[in-house]
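**Q** Residue numbers (the working numbering): 2 to 347.
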Ligand code: CUA
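Structure (structure tokens):
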């Protein structure tokens, strides 16, 4: 088979595969939830089409030349190939084409990047604080301020995420948003997008940040403006009152605190030998067996109380996430009262 015919076949394969890539909406596999999705999906497809071309040129001709110039049965034992040195025209071509491609790609990416790090004044601002191994989303525009742990609510529309890290580098990633930004200690970063699709998503830490990295994800909710306003009001009311502190229910009052603050390290990883998974078992019924971790009637000496208090010692010298206090006064009161009430399941 001639080189021309092989080239023609490779071009046809490239056209067919590229047409398939271009015609397949990425949104079918991964819904698009921000305005950046379209341009980022376009760049992705642009790179895919170019990568397929590179793959076919390299692997296609490699295979072709391997077959065409293989050793034949009637070749002499000491046969050697022809000695070829350089081809200036070919080298110029294979340098210029990638340069043009990279310049175009840089221009396209630069435009999207500028949109991602832009900070328009009218956008809704969320302070996202990353620490080993949890996400905190604060809403500074709300009075009283709303703080969320391992959950993040935002309205449909323009949103700016201001990212901070308390210990090591983390990364804010929501696949459906198509954007990702690092949270770096001592170096605030920012990310802007316009959410276009209400729903629940997963906010994932995309930077290996320690043994609990795989547990570092949060529920992220994009809500219509009306639903979001209602949610904000609810949160503000919940934060203003001290809340009910008698007849505390494990499932309603305590478990959400465990899930938000303790689960990633002390249920999934058993950090510092503190295994809270047995208290998760409370959901199945029964009371906590009193012990050093939970001491009903004497909560001030129980380990759980000590380690969750803002001024409490870190158990066994282990380090809780920096930048405490880890729990709000309301949450601490709930835990204290729940322990003193006998840590019952109800
Ligand atoms: Cu935080 Cu990985």
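For every residue, glycine included, the Cβ atom is placed at its ideal position computed from N, Cα and C.
All values derive from a computational prediction rather than experimental measurement.
Examine the ligand CUA and report whether any of its heavy atoms sits within less than 6 Å of the Cβ of residue 48.
**A** no
**Q** Within the continuous alpha helix (DSSP H) that includes residue 10, where are the two ends?
**A** 4-24
**Q** Between which two residues does the beta strand (DSSP E) holding residue 175 run?
**A** 171-175
**Q** Alpha carbon to alpha carbon, how far is residue 76 from residue 52? Give it in angstroms, no decimals.
**A** 37 Å
**Q** Using only alpha-carbon positions, find the residue among 292, 119 and 253 that is nearest to residue 37.
**A** Minimum Cα distance to residue 37 is reached at 119.
**Q** Can you check whether the CB of residue 341 is closer than 7 Å to the CB of residue 300?
**A** Going by C-beta atoms, residue 300 is nearer than 7 Å to residue 341.
**Q** Could you tell me whether the Cβ atoms of residue 217 and residue 206 are closer together than 7 Å?
**A** Yes; because the gap between Cβ atoms is below 7 Å, this pair is in contact.
**Q** Quick check: residue 219 and residue 153, are their CB atoms within less than 7 Å of each other?
**A** yes
**Q** Are there three or more Cβ pairs, one per stretch, closer than 8 Å when the stretch 192-208 is compared with the stretch 44-60?
**A** No, the stretch 192-208 does not touch the stretch 44-60.
**Q** Measuring alpha carbon to alpha carbon, tell me which of 183, 159, 178 and 179 ends up nearest residue 168.
**A** 183
**Q** Can you say whether residue 179 is buried or exposed, counting buried as having 16 or more other CB atoms within 10 angstroms of its CB?
**A** Residue 179 is buried by the Cβ-count criterion.
**Q** Can you tell me whether residue 234 is buried or exposed, with buried defined as 16 or more other CB within 10 angstroms of its CB?
**A** exposed
**Q** Beta-carbon within less than 6 Å of residue 229's beta-carbon, same chain only, minus the 5 sequence neighbours each way: which residues are those?
**A** Sequence-distant Cβ neighbours of residue 229 in its own chain, meaning closer than 6 Å and more than five residues away, are 156.
**Q** Can you tell me the Cα-Cα spacing of residue 195 and residue 174, whole angstroms?
**A** 15 Å
**Q** Output the distance between the C-alpha atoms of residue 306 and residue 260, rounded to the nearest integer angstrom.
**A** 16 Å
**Q** State the DSSP-derived secondary structure class of residue 160, mapped to helix, strand or coil.
**A** Three-state result, residue 160: strand.
**Q** Using beta-carbon positions only, say whether residue 161 and residue 185 come within less than 7 Å of one another.
**A** no
**Q** DSSP three-state call for residue 221: helix, strand or coil?
**A** Shown here, residue 221 sits in a strand according to DSSP, grouped into three states.
**Q** Where does residue 210 fall in DSSP's three states?
**A** coil
**Q** So, are the CB atoms of residue 246 and residue 334 less than 7 Å apart?
**A** It is a contact, given that the beta carbons lie within the stated cut-off.
**Q** Using beta-carbon positions only, say whether residue 49 and residue 117 come within less than 7 Å of one another.
**A** no
**Q** Hey, is residue 192 close to the ligand CUA, as in C-beta under 6 Å from one of its heavy atoms?
**A** no
**Q** Name the two residues that bound the continuous alpha helix (DSSP H) containing residue 40.
**A** 37-56
**Q** Might you give, ordered along the chain, the residues of its own chain that have their beta carbon closer than 6 Å to the beta carbon of residue 293, omitting 5 neighbours on each side?
**A** Closer than 6 Å at the Cβ level, and outside the excluded window around residue 293, lie 304.
**Q** Would you check whether the ligand CUA has a heavy atom nearer than 6 Å to the C-beta of residue 165?
**A** no
**Q** Could you give the residue range of the beta strand (DSSP E) that holds residue 125?
**A** Unbroken beta strand (DSSP E) run through residue 125: 125-132.
**Q** Within 10 angstroms of its Cβ, does residue 166 collect 16 or more other Cβ (buried), or is it exposed?
**A** buried
**Q** Can you pull the DSSP bridge partners for residue 155?
**A** 223
**Q** By alpha-carbon positions, which one of 200, 82 and 227 ends up nearest to residue 32?
**A** 200
**Q** Would you say the beta carbon of residue 267 comes nearer than 6 Å to a heavy atom of the ligand CUA?
**A** no
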